[in-house]
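**Q**
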């Protein structure tokens, strides 16, 4: 069961970050020592137990990155997840958020627990994943609470992005400000 849950975690994180270790390192996925057409694997007799923490690792503070969207700080990525460094994770999250905004829809942000990770989704699609190593070691905030805070900050940023991309809304705001200015100057 642990191997199955860990495999499911890997699949979910791969869905959140489609370019994994092989794509980043230029590995074709074929083990150099394995014959053509044969799947690479651990040597016979070697333990095949996989732990969820095998898919992520905490990085030194110098490699941490604050992910921002619409000029709002959302979360600090402190871990490499499935071979993606914080910059790669932030770029993927930005791409996914922009795509969700362009698609339209309800833009409902939800937090979904998945094994040891928390997935932040917009309209059911994962935009970013948080792992325990992303948390500030000096803070006692739980991963679930941090993910909910991230979702709240994202909600504000996404709403602002929608406003900026909606010409009708901008026109209404311009008209309201013009009328308010005229009213203000009429009172003087």
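Residue numbers (our numbering): -16 to 171.
No residue lacks a Cβ here, since even glycine has one placed at the ideal position from N, Cα and C.
Since this is a predicted model, take the numbers as computed values, not measurements.
1. Does the beta-carbon of residue 129 have 16 or more other beta-carbons within 10 angstroms, so that it is buried, or is it exposed?
2. Between which two residues does the beta strand (DSSP E) harbouring residue 167 extend?
3. Check for me: the alpha helix (DSSP H) holding residue 133 runs from which residue to which?
4. So, using beta-carbon positions, are residue 40 and residue 73 closer together than 8 Å?
5. Any chance you could list the alpha helix (DSSP H) runs of at least 4 consecutive residues sitting entirely within the stretch 65 to 134, in chain order?
6. Using CA atoms only, rank isn't needed, just tell me which of 51, 119, 95 and 155 is closest to residue 43.
7. Return the bridge partner residues of residue 62 from the DSSP annotation.
8. Can you find the residues in the same chain that come closer than 7 Å, C-beta to C-beta, to residue 9, ignoring five residues on each side of it along the sequence?
9. For a quick check, are the C-beta atoms of residue 112 and residue 102 less than 8 Å apart?
10. Within the chosen definition, does the stretch 124 to 144 reach the stretch 154 to 161 through at least 3 CB pairs nearer than 8 Å?
**A** The structure says:
1. Classification of residue 129: buried, given that the 10 Å Cβ count is 16 or more.
2. Taken as a continuous stretch (DSSP letters only), residue 167 belongs to no beta strand (DSSP E), being part of the alpha helix (DSSP H) at 150 to 170.
3. Secondary structure note for residue 133: its alpha helix (DSSP H) is the uninterrupted segment 126 to 147.
4. By the CB criterion at 8 Å, residue 40 and residue 73 fall outside the cutoff.
5. You should have 69 to 86.
6. Nearest option by C-alpha distance: 119.
7. Among the bridge pairs identified by DSSP, residue 62 is matched with 41.
8. A caution first: residue 9 carries a pLDDT of 40, below 50, which makes its placement in the model too unreliable to give a value.
9. The beta carbons of residue 112 and residue 102 sit closer together than 8 Å.
10. By the C-beta criterion, the stretch 124 to 144 is judged not to be in contact with the stretch 154 to 161, since fewer than 3 inter-stretch pairs fall below 8 Å.
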